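Worksheet: one structure, shown below.
2 protein chains.
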Amino acid sequence: MTVTLADVAARAQVSPATVSRVLNGNYPVAASTRERVLKAVDELDYVLNGPASALAAATSDLVGILVNDIADPFFGIMASAIQSEIGGPGGRAGGERLAVVCNTGGSPERELTYLTLLQRQRAAAVVLTGGAVEDAAHGAAVGNKLRRLAEAGTRVVLCGRPPAPEAIAITFDNRGGGRELTEHLIGLGHRRLGYIAGPEERTTTRHRLEGHRAALAAHGIEEDPRWTVYGRYDRRSGYEATLELLRRDPSLTAVVAANDTVALGACAALRDSGLRIPDDVSVAGFDDLPFSIDAVPSLTTVRLPLSEAGARAGRIAMGREEPPPGGIATVRGELMVRGSSGVPRVG
Amino acid sequence: MTVTLADVAARAQVSPATVSRVLNGNYPVAASTRERVLKAVDELDYVLNGPASALAAATSDLVGILVNDIADPFFGIMASAIQSEIGGPGGRAGGERLAVVCNTGGSPERELTYLTLLQRQRAAAVVLTGGAVEDAAHGAAVGNKLRRLAEAGTRVVLCGRPPAPEAIAITFDNRGGGRELTEHLIGLGHRRLGYIAGPEERTTTRHRLEGHRAALAAHGIEEDPRWTVYGRYDRRSGYEATLELLRRDPSLTAVVAANDTVALGACAALRDSGLRIPDDVSVAGFDDLPFSIDAVPSLTTVRLPLSEAGARAGRIAMGREEPPPGGIATVRGELMVRGSSGVPRVG
DNA sequence: AGCGTGACAGCAAGCGCTTTCTATCTGATG
DNA sequence: CATCAGATAGAAAGCGCTTGCTGTCACGCT
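Sequence lines, in order, name chains A and B.
Okay, so the first sequence: first residue is 35 according to this note's numbering, each after it adds one.
Okay, so the second sequence: first residue is 35 according to this note's numbering, each after it adds one.
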């Protein structure tokens, strides 16, 4: 069998209690004893039994990070930042924590399943990232779960997700960013702007689109319903949606995409249609992922401080930073004007 | 306090043993009893205590996935594929498994720490992805850990990592891919090729570089040591390394990068230096990440079947697929010739 | 000398679940 | 009608660790 605490105790000629205390460092132990124990641990290559420890102490060193799509750098960057703040020592002395990221694939059921799994493991904290699905039933179910988690002592933090009464939230100002972006294009002279939205039922999608529409409205531009197409947050979707937009109205002078990945697909579609960027059509994205600056022309977009927000969420989850007043912090995006947007062709 | 098995048992008027059996479905229980129990579970909103269960049953439903950089789609894509194969029912009936991805950041210590943490949690399986660090001491330490994990019943699978005696491995043929890529360039007429390698002590770096050199050697091209620069696997590194290569030898007609991200940085550097791709300098990457086809010109690279390999590793880890004969499967990359490589300028 | 006071160390009672072994009941069988 | 197998249900013994409480010393004080 595997080595147990008792084995170590026997070897070090102390009681199991003492070994436990040495390992946890939360009770005075004579230096000489400690050394003897540590030596035994080393010699036997002892590894604590996590479940047993968690059961007895009624706490765990697991921290869950939920993401919609782990293959998308948007989430990867946030997850990385969150995790980097969690790895280090936390509450319990010597507290190595196991930060785990769970991929929901954007599915409400999987989100709930993971939350239950995390609850089952008595996770120390949970960070939910990215837009939420707008469905009353699901929203209530998630809210319930979050409340239960919180009741059980799990710290719950939202990052890049709209606020919820059950948790602390670091939210992105998607509406403001969307508005600023479109105002930039309007300022350049664009009047006919296509919009490629994300999945219809997501908060992120809705907020960015609302910002876009607010900008149009503020400038007295009446929106043509043909100018909006919904899709997924991937390149393919951007490609196809752009072709569709072009089919519906070839006179569009700008295409605003739900995010950078989609924008890249849009660029490809425009190029394949023989249109130049930005001479014929301007393109704008959202997020400012690392590859966006390398697009040709480089992408005009809204930079979201993913790393900073993630790091902050991680620190709050570890109780290492005060939650923002009111439990909600809104983080603004920064407009990055680059080569993909320009003055529209005359006509 | 939280609801326990005993509470459910009391409510359903059965013994805790029966509740456990209903939940695990591994022992005959009368339909009527089962229903009563399930009803009680539902009414009390009972959630199993993971640690207690793991302790008693001496098994856990945790599966660890180790990645070098979660913000890099290379790993994100693999992790996503692995996780998708793990989420479903596995060994234990109703077996929801918690697939967790751990970000080592390429650091050997963190790799070891995570391995210990997973061992501590008595993980059901562990999948290590990506290149390993080439350091004898660390290699031995990891080997040891893997052996211990395997001894404790944890299934260990390597994915995109060189084979090790302690585990089943799905390996990428980085050497072959590197060779094929460079041969393609040589075939186009290139004779002076710069190479931007990854971090010096990684297996992936070494293998790809070896393939490159093998191709050069096979064609009687003597390599100039100035033509190789080491860096990190990121865009910045590619940018800087390219400027350095250009400084060392402005007559280079091609730049081969350690991966696509680096290649993108290289493209940017070339463009900023006033050089056209591929007219003045050809560029090649490795991996064929989703954004590579959107580069302008689109990137010539070697496609690695990340999803397929990950899925397979996941299935093997879950015992749902036979391990390959000999415990090692080598997966080849596929040369993708695209716009970034062309005939060198004369001279 | 007598005793309060720290500083350590050990005992033992769980933590909430799984599982072996045993008990009970129901039909079916001869 | 006695007997036995089969099907369920329960009792209880842990799984390996944490921790409240109880010693046991060795000092230093009055």
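No residue lacks a Cβ here, since even glycine has one placed at the ideal position from N, Cα and C.
Note that this is a predicted model, so its numbers are computed, not measured.
Use the C-beta contact count for residue i: other C-beta atoms within 10 angstroms, 16 or more gives buried, fewer gives exposed.
| i | result |
| --- | --- |
| A:Arg156 | buried |
| A:His253 | exposed |
| A:Asp328 | buried |
| B:Gly125 | At B:Gly125, the pLDDT of 34 sits below 50, so the modelled position is not reliable; the number obtained from the coordinates is stated separately. Label assigned to B:Gly125: exposed. |
| B:Asp212 | Reading off the sequence, residue 212 of chain B comes out as Gly, not Asp. With 16 or more other Cβ atoms within 10 Å, it is buried. |
| B:Asp322 | buried |
| A:Glu368 | exposed |
| B:Pro378 | buried |
| B:Asn60 | exposed |
| B:Glu200 | buried |
| A:Asp258 | exposed |
| B:Arg310 | exposed |
| B:Pro284 | exposed |
| B:Ala92 | exposed |
| B:Pro123 | Note that B:Pro123 has pLDDT 40, beneath the 50 cutoff, so the model's placement of it is unreliable and the number below is only indicative. Result: exposed. |
| B:Asp106 | buried |
| A:Pro324 | buried |
| A:Glu119 | buried |
| B:Ala170 | exposed |
| A:Val380 | exposed |
| B:Thr52 | buried |
Taking C-beta to C-beta, are residue i and residue j nearer than 8 Å?
| i | j | result |
| --- | --- | --- |
| A:Pro85 | B:Pro85 | yes |
| A:Gly376 | A:Ser316 | yes |
| A:Cys193 | A:Ala347 | yes |
| A:Gln153 | A:Ala203 | no |
| B:Ser54 | B:Leu72 | no |
| A:Ile255 | A:Thr163 | no |
| B:Val290 | B:Asp268 | no |
| A:Ala65 | A:Arg45 | no |
| B:Met112 | B:Leu340 | yes |
| B:Tyr273 | B:Ala303 | yes |
| B:Gly110 | A:Gly110 | yes |
| B:Asp79 | B:Glu130 | no |
Whole angstroms are fine: how far does the CA of residue j sit from the CA of residue i?
| i | j | result |
| --- | --- | --- |
| B:Ala343 | B:Ala159 | 17 Å |
| B:Leu57 | B:Arg70 | 12 Å |
| B:Cys301 | B:Leu227 | 15 Å |
| A:Leu89 | A:Pro142 | 29 Å |
| A:Ile362 | A:Thr147 | 26 Å |
| B:Ala21 | B:Glu145 | This structure gives no information on residue 21 of chain B, because the portion of chain B shown stretches from 35 to 381. |
| A:Val365 | A:Thr205 | 6 Å |
| B:Leu286 | B:Leu250 | 14 Å |
| A:Asn208 | A:Arg354 | 27 Å |
| B:Arg189 | B:Leu279 | 44 Å |
| B:Ser332 | A:Met352 | 43 Å |
| A:Gln47 | A:Pro62 | 17 Å |
| A:Met370 | A:His241 | 19 Å |
| A:Val176 | A:Glu356 | 24 Å |
| A:Gly121 | B:Thr150 | 13 Å |
Please name the residue or residues paired with residue i in a DSSP beta bridge.
| i | result |
| --- | --- |
| B:Ala368 | Note that residue 368 of chain B corresponds to Glu in the displayed sequence, not to Ala. Beta-bridge pairing links B:Glu368 to B:Arg337. |
| B:Ser316 | B:Ala288 |
| A:Ala133 | A:Val97 |
| A:Cys193 | A:Thr163 and A:Ile204 |
| B:Ile362 | B:Ala203 |
| A:Asp321 | A:Arg337 |
Under DSSP, the alpha helix (DSSP H) around residue i begins and ends at which residues?
| i | result |
| --- | --- |
| A:Thr276 | Arg269 to Arg282 |
| A:Met58 | Looking at the sequence provided, one finds Asn at residue 58 of chain A rather than Met. Pro50 to Asn58 is the extent of the alpha helix (DSSP H) around A:Asn58. |
| B:Phe206 | Segment Ile202 to Phe206 is the beta strand (DSSP E) holding B:Phe206; no alpha helix (DSSP H) there. |
| B:Gly98 | No alpha helix (DSSP H) holds B:Gly98; the beta strand (DSSP E) holding it covers Leu96 to Val101. |
| B:Val330 | Here B:Val330 belongs to no alpha helix (DSSP H), and DSSP marks it neither H nor E. |
| A:Pro142 | Pro142 to Arg154 |
| B:Phe108 | Pro107 to Ile120 |
| A:His246 | Thr237 to Ala252 |
| A:Arg172 | Checking the sequence shown, residue 172 of chain A turns out to be His, not Arg. It spans Ala170 to Glu185 - the alpha helix (DSSP H) in which A:His172 sits, taken as one unbroken run. |
| B:Leu89 | Gly84 to Ala91 |
| B:Asp79 | Per DSSP, B:Asp79 belongs to no alpha helix (DSSP H) and is neither H nor E. |
Taking the beta strand (DSSP E) that residue i falls in, what are its first and last residues?
| i | result |
| --- | --- |
| A:Tyr264 | Thr262 to Tyr264 |
| B:Tyr229 | Leu227 to Ala231 |
| B:Ala159 | Ala159 to Thr163 |
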